[in-house]
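A quick write-up on the structure given underneath.
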Amino acid sequence: MGVINVTPDSFSGDGINLNVDLAVNKAIEYEKYGCHIIDIGGESTRPSITYNNTSTTSLEIEEERVIPAIEAISKAVSIPISVDTYKASIAEKAIQAGASLVNDVWGFKKDSAMASVVIEHKVPVVLMHNQNHTFYADLVNDIVNQLEELKNNAIKAGVSESNIILDPGIGFGKTVNQNIELFRSLERLQDLNSPILIGSSRKSTIGKILNLPADDRIEGTAATVVISILKGVDLVRVHDVKEIIRVVKMTDAIVRT
1 MGVINVTPDS FSGDGINLNV DLAVNKAIEY EKYGCHIIDI GGESTRPSIT
51 YNNTSTTSLE IEEERVIPAI EAISKAVSIP ISVDTYKASI AEKAIQAGAS
101 LVNDVWGFKK DSAMASVVIE HKVPVVLMHN QNHTFYADLV NDIVNQLEEL
151 KNNAIKAGVS ESNIILDPGI GFGKTVNQNI ELFRSLERLQ DLNSPILIGS
201 SRKSTIGKIL NLPADDRIEG TAATVVISIL KGVDLVRVHD VKEIIRVVKM
251 TDAIVRT
């Protein structure tokens, strides 16, 4: 899954704001490199903004950023488009514009109407573990149990189990050490019997360990991707698509063929 942030304030430094042509060109490049899904987001979800409620992105601004980009990209590439939003109204318009997957970093917890959108359009959804604190009784067990709860709640609401993808939320409500512990135990997520997505690309954990800025974390990202694949993860969400696809292909050739 290749990331395209149509924002001016992306934590990773790759936000392209309202430049639709640049977004389209990036999507075309991603497809050429072998990317399977394009993930488009119009609001920064970095923890410093998300947990402190300091986002200045209104529904109107997010729509203005996301919808034209999805409309244009859907005409330029043949691979699926995901919309990175936790807002049902944005997801609805994004699907109408050409998106075929919803990536909800709050797993329906911020907007309960999101389930209805996913059900109505019969699209896959990523449900991510997220919380606004770093307190756990037992880190891995708590995350597994909470992901299972997100999944079960979605199924009870009417979402098809086959349309559910789970994400343990690297960097969200977790310290550096907790993120590392989670990586060491990713195989536990196989117990959930759903595809697993990992979004570790350019995350602050990598930056803090390597003392590097967001736009210089390719190697650190690559290490987390390899570990994720070895632990059975199905999808990786990344910014540096060209380089990481090579890492994925080589790792898959060793462990999955």
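Using the numbering used here, you'd call the opening residue of the sequence shown number 1 and step up by one each time. Just so it is clear, CB atoms sit at the ideal spot from N, CA and C, and this is done for glycine as well. What you are looking at is a predicted structure, and each value in this text was computed from that prediction instead of being measured.
Given that a residue counts as buried once 16 or more other Cβ atoms are within 10 Å of its Cβ, and exposed if not, what is residue i?
i: GLY2; result: buried
i: GLU60; result: exposed
i: ALA154; result: buried
i: ILE254; result: exposed
i: ALA137; result: exposed
i: ARG65; result: buried
i: SER200; result: buried
i: LYS26; result: buried
Have a look at the DSSP bridge pairing and note the partners of residue i.
i: ASN5; result: GLY41
i: MET128; result: ASP167
i: ASP104; result: LEU127
i: VAL236; result: ILE198
i: ILE95; result: Per DSSP, none; premise fails for ILE95.
i: ILE81; result: ILE38
Should residue i be counted as a contact of the ligand COA given a C-beta to heavy atom distance under 7 Å?
i: LEU212; result: This structure lacks the ligand COA, and indeed carries no ligand of any kind.
Identify, in the order they occur along the chain, each residue of the same chain with its Cβ nearer than 7 Å to the Cβ of residue i, setting aside the five sequence neighbours on each side.
i: GLY173; result: ASN130, GLN131, ASN132, HIS133, THR134
i: ASN179; result: ILE170, GLY171, THR205
i: GLY207; result: PRO213, ALA214, ARG217
i: SER261; result: In the structure as shown, the chain starts at 1 and stops at 257, and residue 261 therefore has no counterpart that could be examined.
i: SER194; result: LYS151, ILE164, ILE165, LEU166
i: ASP258; result: The chain is shown only over 1 to 257; residue 258 falls outside these bounds and no answer can be derived.
i: GLU92; result: VAL117
i: GLU63; result: ILE90, LYS93
i: GLY13; result: Bear in mind that a pLDDT of 46 at GLY13, under 50, signals an unreliable position, so the number given afterwards is only what the model happens to contain. Excluding residues within five positions, the ones whose Cβ falls inside 7 Å are ALA214, ASP215.
i: VAL247; result: ALA222, VAL225, VAL226
What three-state label does DSSP hand residue i in the structure shown?
i: VAL66; result: helix
i: ARG256; result: coil
i: THR175; result: coil
i: GLY158; result: coil
i: HIS133; result: coil
i: ALA113; result: coil
i: ASP142; result: helix
i: TYR30; result: helix
i: SER89; result: helix
i: LEU212; result: coil
i: LEU59; result: helix
i: SER74; result: helix
i: ARG217; result: coil
i: LYS122; result: coil
i: LEU18; result: coil
i: ASN25; result: helix
i: SER185; result: coil
i: ASN193; result: coil
i: LYS203; result: coil
i: LYS151; result: helix
Can you give me the Cβ contacts of residue i inside the same chain, cut-off strictly under 8 Å, excluding the 5 residues immediately before and after it?
i: ILE95; result: VAL83, VAL102, VAL117, HIS121, VAL123
i: PRO168; result: MET128, HIS129, ILE143, LEU147, LEU182, LEU186, LEU189, ILE196, ILE198
i: ILE70; result: ILE40, ILE81, VAL83, ALA94, ALA97, GLY98, ALA99
i: GLU29; result: VAL241, LYS242
i: SER74; result: ILE81, ALA97, GLY98, ALA99
Among the residues of its own chain, which have a CB less than 6 Å from the CB of residue i, if the five just before and after it don't count?
i: ILE245; result: TYR33, GLY34
i: ALA157; result: ALA115
i: LYS110; result: TYR86
i: THR57; result: GLU43
i: ALA72; result: VAL20, VAL24
i: ILE229; result: THR251
i: ASN177; result: none
i: LYS231; result: LEU186, GLU187
i: THR224; result: SER200
Could you tell me how far apart the beta carbons of residue i and residue j are, in whole angstroms, since I believe they sit closer than 8 Å?
i: LEU210; j: ILE165; result: Contact doesn't hold; Cβ gap of about 29 Å is too wide.
i: ARG202; j: THR221; result: 6 Å
i: VAL77; j: ILE38; result: 7 Å
i: VAL226; j: THR257; result: Contact flag wrong, Cβ pair sits at about 15 Å.
i: THR45; j: VAL105; result: 5 Å
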